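Engineer: Mind having a look at this structure? Questions to follow.
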Amino acid sequence: MNVPPRRHAIEELTDTGLDAKTLSRMLADTWGTRPGLMGALTAVDHKIIGRRYIVTAFMFLCLAGLAAVVMRVQLARPESRVVGPDLYDQLFTMHGTTMMFLFAVPVMEAFAVYLVPLMVGTRNIAFPRLNAFSYYVYLFGGLMIWVAFALNAGADTGWFAYVPLSGPENSPGKRVDLWAQMITFTEVAALAVSVEIIVTVLKLRAPGMTLDRIPLAVWSQLVTAFAVLFAMPAVMIASTMLIMDRLVGTHFFNHAEGGDALLWQHLFWFFGHPEVYIIFLPATGFVSSIVVTFSRRPIFFYVGMVAALVATAFLAFGLWVHHMFATGVPQLGSSLFTASSMLIAIPSGLQIFCWIATLWSGRPVYTTALLFVLGFLINFVAGGVTGVMLASVPLDTQVHDTYFVVAHFHYVLIGGAVFPLLGAVYYWFPKFTGRLLDERLGRWHAATAFVGFNLAFFPMHILGLMGMPRRVYTYQPEMGWGPLNMLSSVGAAIFFVSFVMLLWNVVASLRNGAVAGPNPWDAGTLEWATTSPPAPQNFDRIPVVTHREPLWAERDALPVATGLRVGVREVLVTTATDATPDIRETAPTPSIWPLISAILTAIAFIGSIFTPWAVLWGGVPVGAALIAWFWPKGDPEDY
Amino acid sequence: MRTLAIALVLLSLAACQREERALRGDPMADESREKIALTSLSPGDSGPIEVRTGRGEEYTGNAYHQSEGKKLFKQMNCNGCHANGGGGMGVPLMDDTWIYGGRIENVVQTIREGRPNGMPSFRGKLPDEQIWQLAAYVLSMSRAVPQDVAPSRDDDMHPRPAESRQPAVTGVQGGTVPPSGEAPQ
Amino acid sequence: MRPRAGVACVLPLALAGCQGWQSALDPQGPQARSLADIIWVFTGVAVAVWVLVAVALAAALLRRRAEPPDPLSRAPDRERAMGYAVGGCVALTLVVILALTGYSYATQKELFSTHEGRITILLTGHQFWWDVRYEDPAPSRVFSTANEIHIPVGEPVRIKLEASDVIHSFWVPSLLGKQDLIPGRQNLVRLQADRPGVYRGQCAEFCGWQHAHMSLLVVAHPREEFEAWRDAQLASAAPPSTDEQKEGQRVFLSNPCMTCHTVRGTSAGAVAGPDLTHLASRRMLGAGMLPLTRGNLAAWVVDAPGVKPGVHMPSIKLEPHELHPLLAYLEGLK
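Residue numbers (my numbering), protein chains in the order written: chain G, 1 to 639; chain X, 640 to 824; chain P, 825 to 1158.
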């Protein structure tokens, strides 16, 4: 065809014979994102999208955390009137919804989006435009529900939104419709990211990274991505049924016309329980990375750890009824769920034992990241053993829907996921920004967070056993729950202060932090083989992996693969199991269409809150945008 | 740009009014100072003097009030005569023909004072607040409220599509005073 | 002002009436006792496991060590020893889990194998109160009350659980664990108390604004006392005796009260709100919100939404010369 010869020459140029400096410059040129607004809006670099994801998720954490602070102020004293029942219900709904849908799952995905391509040694995530699209959809969904909250239309039926309370008869107005549609937004985003992660891990690994050399952090993201694929459709179906009941007048949950209120609970918890593991499993990946690096030895019983991940994700789909023991499910059925809920202690226990064994036989380096992981071990085991209590049907009838459960799942989710996440922030911050977080302040942060967290949530166990139900906006003074609630509120304030310390540390270290080299922790996995922050192309030459901890095994220089073109975006596709090089594949370039498609999708989704016809007329522009997105433009990736 | 800003503000105000939950009605539960004419006849050529306080919009634009009205409609056994709005012993309420006027003040007055041929007076039996809620719901049956405010189906057997599922109409037929041909005897 | 008044009034009641006000750890019936046992056993095991893990972690960190600086050099025998240790821990976990599961099954069987009882009560959840209907084969012996369940001591009572609007959950921690009240379904529980007393229960499934103030009392009497109570409840409302009470009845029947409430023996027969036939025999007002005193009753009648925001009872406009007779009448509904 009529390709100018000069361009042709650059396009055909490969990295084989180039010197390091030229190669680096040319690749950065090819893979770079243009400066300016247009560059920002068309970006498809997984590091840029991942950074946005992380920052956005932490913004939502901040909002949901503030909601929690208001709730703790209200509950500090009996019959306090800081907020009324209407606002309190909106606050606890926004807190739960935001933490689960807009913070916990997205932040884990955000780390995956940023880190997985680096850890498997490739240049970009698979389907980078889809990645940009998923971020925008997530952002719009989150903005929508918080703008609605600001307009006094915040959902007020809890993050679980049980029908009939959330149904058309008992929740007038648009509050619940907005909530249900927010689910659709975030689940579209989550499904897109899991597809990207699965393909990236299975097809874009560096040569030599066989299945048994994949870092545990990547394994955990892979297993999580599969769990997302199976869990999220259930809640999307449920929320769509809910919005149809409310808007179209269907009768899925109308018992008088043959529907069933319990159908909602089954669908919701079929998603809702795996959701917990979708949040927890990536956190175990962070823990494994940090434990390995700071114990100065490879993980103990790698195969067992991978098997535990898979087993946990598998069992996670067989537990959902333990959220419904009080609904009158048949005894035989609930016994089965007792057994499966108990059983999940085995893989979780195995992971705990392996981490302790790794620490025992290593040479621990007490960085802030490791301190958070130690906090995780202490807190998560506490949450785990109360989880075993909740698995028992008779015991659950006493503690279900009380503050005991609130304590349990905060120990599991904060102790089990947020503590590792904070450790991960300290661990990978130098990779993200090129600067180290202040370790001294970090230690204070870790100590404050540990004390504040335990002070805030441990008393809730006792409150629950003393008979305090959850989701109450206040309680009567004669119940005697006042002192422990006050203690818990004080703890919440301390915990909040710990996050202010983190924010301060991040802001200060961004400006004045010590400059980190490529590998400040002397870690062993591939993301530390490149500069901090990584160049647009991630690696100048694709590394070849010979060991599970390649940087420890090849101290002098990593072996590399050559032959990729430098003038066009090209990634190396390897086989799924052995990671032998398969084909060279061109990678998508920046595009504005993901953003436009996301905006049109958001219009269609928000429009369908007000009329079901929006699905129809909103679908047309979305379809048109997708056609434009995929229209062959003569770029190499189109062939 | 300014139009957009105004549109956004209006949208947000609409959302605020639609979503407001008035958990505590007027504690004094006083009868409003509405004055509604029952006939278009009046001495002189000025027409009857009416007072409308604008309170009606608080109810016709608010989803919570209408859903409360819907509950009251059942609890107060309005169905006994009006049969889910389809009419029976009493007049149908889903159509847009109003013997005593189709504005919310007229409906409020009908409920409060009763009407000839069987409509009982609820004066003193329902607080003023609830009469307004009921009236707003009655209007929603004839599509005279915004569609995003009208109640949806309830968890019950369904004799007809939900109020929010009925196509919107512009303006309510029937006027504020009875057309002479349909005036009560 | 109101909460403090509440304490003053309820504290004596709490002290006099009940050893177990509302705590899973203070069991007052056979089921709650089994549940408390299982809670304590599980808690003991949980604490032991947690302590063992913490000790192991501490040992792992504080151990004296002379590891080689190369992270990849490992001693095979020690890895093997660690393998045995981890394997042993997993096996131990399995044993503990199996034991706990077996114990849980045994308790489950003991608690939920039967729901039979000599008395059957239909408990219906409403936003935000409980309708209590004592069923009986003889229609004349069926009656309703609200927010207070009276039971004979030492006898199992069968309770049918239903809901009229949204999901609620019946939970009296010192007597039994919770069971949901779900619209369109019926659940069954068995309720039994060991000794006379007043036990507090509370809605345990989020049901809307006043989920926090949707409680009920279970009052356990000796058998004869219970029969006397039931006979008293079966009777129609006491006719007003004084002139003031007569005026109060007139006020009641000519005001919005009668469009929602029932007072048997009068023309008030609506079922949107609680049955008030024997209102004055009850201890609390507004589903456990306030002790039943004249002052609280006045506040409730005039401004229920102010006391309990979100309640479906509206504010009632009453002049003082109407309110006082009405209160006298209501207080006479023993």
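Glycine included, every Cβ here is placed at the ideal spot set by N, Cα and C.
None of these values were measured; they are calculated from a predicted model.
(1) Pick out whichever of ALA624/G, SER591/G and PRO632/G has its Cα sitting closest to the Cα of LEU37/G.
(2) Please name the residues in the stretch 467-486 of chain G whose beta-carbon is closer than 7 Å to at least one beta-carbon of chain P, in chain order.
(3) Specify whether the stretch 1024-1043 of chain P and the stretch 985-1004 of chain P touch according to this definition: at least 3 beta carbon pairs, one from each stretch, less than 8 Å apart.
(4) Between the stretch 420-433 of chain G and chain X, which residues of the former have CB atoms less than 7 Å from a CB of the latter, in chain order?
(5) Under a three-way DSSP split, which group does VAL1143/P fall into?
(6) Could you work out which residues of chain X lie near ASN1079/P, taking near to mean beta carbons separated by less than 8 Å?
(7) When the cut-off is 8 Å and only beta carbons count, does SER791/X lie next to chain G?
(8) Give the single residue among GLY383/G, PHE353/G and GLY618/G whose Cα lies nearest to the Cα of GLY911/P.
(9) State the CB to CB distance for the pair ALA369/G and GLY423/G, rounded to an integer number of angstroms; the pair is presumed to be in contact (CB under 8 Å).
(10) Using the beta-carbon of each residue, which ones in chain G are nearer than 9 Å to HIS797/X?
(11) Any Cβ of chain X within less than 8 Å of the Cβ of ARG72/G?
(12) Pull up the distance between the alpha-carbon of LYS203/G and that of ARG541/G, whole angstroms please.
(13) What residues from the stretch 986-1007 of chain P come within 7 Å of chain G, judged by C-beta to C-beta, listed N to C?
(14) In whole angstroms, give me the CA-to-CA distance for LEU1077/P and ARG1054/P.
(15) Counting only beta-carbon atoms, is ALA702/X nearer than 8 Å to chain G?
(16) Measure the beta-carbon distance from LEU371/G to ALA446/G and round it to whole angstroms, keeping in mind my assumption that it falls under 8 Å.
(17) Between ALA256/G and MET796/X, how many whole angstroms is the CB-CB distance? I'm expecting something under 8 Å.
(18) Taking all protein chains shown into account, do 16 or more other C-beta atoms lie within 10 angstroms of the C-beta of HIS1145/P, making it buried, or fewer, making it exposed?
(19) Between VAL566/G and MET100/G, how many whole angstroms is the CB-CB distance? I'm expecting something under 8 Å.
(20) Report all residues from its chain with a CB closer than 6 Å to the CB of ALA502/G; omit the five preceding and five following residues, and keep chain order.
(21) Indicate whether TRP629/G and SER597/G have their beta-carbon atoms separated by less than 8 Å.
(22) Hey, ALA89/G and TRP1033/P: beta-carbon distance below 8 Å or not?
(23) Kindly give me the distance between the Cβ atoms of PHE325/G and THR397/G, rounded to whole angstroms, as I take these residues to be in contact under 8 Å.
(24) At a Cβ cut of 8 Å, what residues of the stretch 863-881 of chain P count as close to chain X, listed as they run along the chain?
(25) Given that a residue counts as buried once 16 or more other Cβ atoms are within 10 Å of its Cβ, and exposed if not, what is ARG34/G?
(26) Evaluate TRP864/P with the Cβ neighbour count: other Cβ atoms within 10 Å of its Cβ, from every protein chain shown; 16 or more gives buried, anything less gives exposed.
(27) Hey, could you find the ends of the beta strand (DSSP E) ARG982/P is sitting in?
(28) Where VAL966/P and GLY96/G are concerned, what is the direct C-alpha to C-alpha distance, given to the nearest angstrom?
(29) Let me make sure I understand the geometry here. Which of ASP894/P, TYR1153/P and SER858/P has the alpha-carbon closest to that of GLY1001/P?
(30) Below 8 Å between beta carbons is the criterion; list the residues of the stretch 279-302 of chain G that meet it against any residue of chain P, in chain order.
(31) Looking at GLU1155/P: is its Cβ nearer than 8 Å to the Cβ of ALA1104/P?
(32) Indicate whether at least one CB of chain X lies closer than 8 Å to the CB of GLY173/G.
(33) Could you name the residues of the same chain whose beta carbon sits closer than 6 Å to that of ALA848/P, not counting the 5 residues immediately before and after it, in chain order?
(34) Can a CB atom of chain X be found closer than 8 Å to the CB of ALA1092/P?
(35) Since ARG663/X and PRO1133/P should fall inside the 8 Å C-beta cutoff, what is the C-beta to C-beta distance between them, to a whole number of angstroms?
(36) By the three-class DSSP mapping on this structure, what secondary structure does VAL560/G have?
Structural biologist: Taking the geometry as given:
(1) Locating residue 37/G in the first sequence gives position 37, counting from the first residue. Nearest to LEU37/G by alpha-carbon distance, out of ALA624/G, SER591/G and PRO632/G, is SER591/G.
(2) Within the stretch 467-486 of chain G, those residues whose Cβ lies closer than 7 Å to any Cβ of chain P are, in chain order, GLY467, PRO469, ARG471, VAL472, TYR473, THR474, TYR475, GLN476, PRO477, GLU478 and MET479.
(3) Result yes; three or more Cβ-Cβ pairs closer than 8 Å.
(4) Residues passing the 7 Å Cβ filter: none.
(5) Working through the third sequence from its first residue, we reach residue 1143/P at position 319. Correcting the residue type first, residue 1143/P is Glu in the shown sequence and not Val. Residue state, collapsed to three classes: coil.
(6) Numbered from 1 along the third sequence, position 255 holds the residue referred to as residue 1079/P. At a beta-carbon threshold of 8 Å, the residues of chain X lying near ASN1079/P are GLY763 and LYS764, ordered along the chain.
(7) Walking along the second sequence from the start, residue 791/X turns up at place 152. Yes, its Cβ sits closer than 8 Å to a Cβ of chain G.
(8) The residue labelled residue 911/P in the question sits at position 87 within the third sequence. With distances taken between Cα atoms, GLY911/P lies closest to PHE353/G.
(9) Residue numbering aside, residue 369/G sits at position 369 when the first sequence is read from its first letter. Residue numbering aside, residue 423/G sits at position 423 when the first sequence is read from its first letter. The Cβ separation is near 4 Å, so the contact holds.
(10) Residue 797/X sits at position 158 when you count from the first residue of the second sequence. For HIS797/X, the neighbours in chain G by C-beta distance under 9 Å run, in chain order, GLY249, HIS251, ASN254, ALA256 and GLU257.
(11) Numbered from 1 along the first sequence, position 72 holds the residue referred to as residue 72/G. For ARG72/G, the answer is no, since every Cβ of chain X falls outside 8 Å of its Cβ.
(12) Along the first sequence, one-based indexing puts residue 203/G at 203. Along the first sequence, one-based indexing puts residue 541/G at 541. If you take the alpha carbons of LYS203/G and ARG541/G, they lie about 18 Å apart.
(13) Considering only beta carbons, the part of the stretch 986-1007 of chain P lying closer than 7 Å to chain G consists of ASP989, VAL990, ILE991, SER993, PRO997, GLY1001, LYS1002, GLN1003, ASP1004, ILE1006 and PRO1007, in chain order.
(14) Position 253 of the third sequence, counted from the start, is the residue given in the question as residue 1077/P. Position 230 of the third sequence, counted from the start, is the residue given in the question as residue 1054/P. The alpha-carbon atoms of LEU1077/P and ARG1054/P are separated by roughly 26 Å.
(15) In the second sequence, the residue the question calls residue 702/X occupies position 63. Chain G contact via Cβ: present.
(16) Taking the first sequence and counting its residues from 1, one reaches residue 371/G at position 371. Taking the first sequence and counting its residues from 1, one reaches residue 446/G at position 446. Correct: roughly 4 Å between the Cβ atoms.
(17) Along the first sequence, read from residue 1 onward, the residue named residue 256/G stands at position 256. Along the second sequence, read from residue 1 onward, the residue named residue 796/X stands at position 157. Sure, about 5 Å apart at Cβ, within 8 Å.
(18) Within the third sequence, the letter at position 321 stands for residue 1145/P. When all chains shown are included, HIS1145/P counts as exposed.
(19) As a first step, residue 566/G must be located in the first sequence, where it is residue number 566. As a first step, residue 100/G must be located in the first sequence, where it is residue number 100. The pair is not a contact, with the Cβ atoms about 43 Å apart (cut-off 8 Å).
(20) For the purposes of this step, residue 502/G is identified with residue 502 of the first sequence, where counting begins at 1. Note on identity: in this sequence residue 502/G is Leu, with Ala being the wrong assignment. Once the five neighbours on either side are set aside, the close Cβ partners of LEU502/G are HIS445.
(21) For the purposes of this step, residue 629/G is taken as the residue at position 629 of the first sequence. For the purposes of this step, residue 597/G is taken as the residue at position 597 of the first sequence. When the beta-carbon positions are compared, TRP629/G and SER597/G come within less than 8 Å of each other.
(22) As a first step, residue 89/G is located in the first sequence; it is residue number 89 there, counting from the start. As a first step, residue 1033/P is located in the third sequence; it is residue number 209 there, counting from the start. In the sequence on display, residue 89/G carries Asp and not Ala. At the C-beta level, ASP89/G and TRP1033/P come within 8 Å of one another.
(23) Here the question's residue 325/G lines up with position 325 in the first sequence. Here the question's residue 397/G lines up with position 397 in the first sequence. Right, their Cβ atoms sit about 6 Å apart.
(24) Those residues of the stretch 863-881 of chain P that come within reach of chain X (Cβ to Cβ, closer than 8 Å) do not exist; the list is empty.
(25) Translated into positions along the first sequence, residue 34/G becomes position 34. Burial check for ARG34/G: the Cβ neighbour count within 10 Å stays below 16, so the residue is exposed.
(26) Mapped onto the third sequence, residue 864/P falls at position 40. Exposed, by the Cβ-count rule.
(27) What you label residue 982/P is simply residue 158 of the third sequence in a count that begins at 1. Following the DSSP letters along the chain, one finds ARG982/P inside the beta strand (DSSP E) bounded by residues 981-987.
(28) The count along the third sequence starts at 1 and reaches residue 966/P at position 142. The count along the first sequence starts at 1 and reaches residue 96/G at position 96. Each residue's alpha carbon lies about 44 Å from the other.
(29) If you number the third sequence from 1, residue 1001/P lands on position 177. Selected option, being the one with the closest Cα: SER858/P.
(30) Taking 8 Å as the Cβ-Cβ cut-off, the stretch 279-302 of chain G approaches chain P at ARG296, ARG297, PRO298, PHE300 and PHE301, given in chain order.
(31) As a first step, residue 1155/P is located in the third sequence; it is residue number 331 there, counting from the start. As a first step, residue 1104/P is located in the third sequence; it is residue number 280 there, counting from the start. In contact: GLU1155/P and ALA1104/P (Cβ atoms closer than 8 Å).
(32) Here residue 173/G corresponds to residue number 173 of the first sequence, with the count starting at 1. Yes, because at least one Cβ of chain X sits closer than 8 Å to the Cβ of GLY173/G.
(33) Residue 848/P sits at position 24 when you count from the first residue of the third sequence. Sequence-distant partners of ALA848/P (beyond 5 residues in either direction) whose C-beta falls short of 6 Å from its own C-beta, in its chain, are PRO997.
(34) Position 268 of the third sequence holds residue 1092/P. For ALA1092/P, no CB of chain X lies under 8 Å from its own CB, so it is not counted at the interface with that chain.
(35) Translated into positions along the second sequence, residue 663/X becomes position 24. Translated into positions along the third sequence, residue 1133/P becomes position 309. At roughly 6 Å, the Cβ-Cβ gap stays under 8 Å, so ARG663/X and PRO1133/P are in contact.
(36) The residue you call residue 560/G lines up with position 560 of the first sequence. Residue state, collapsed to three classes: strand.
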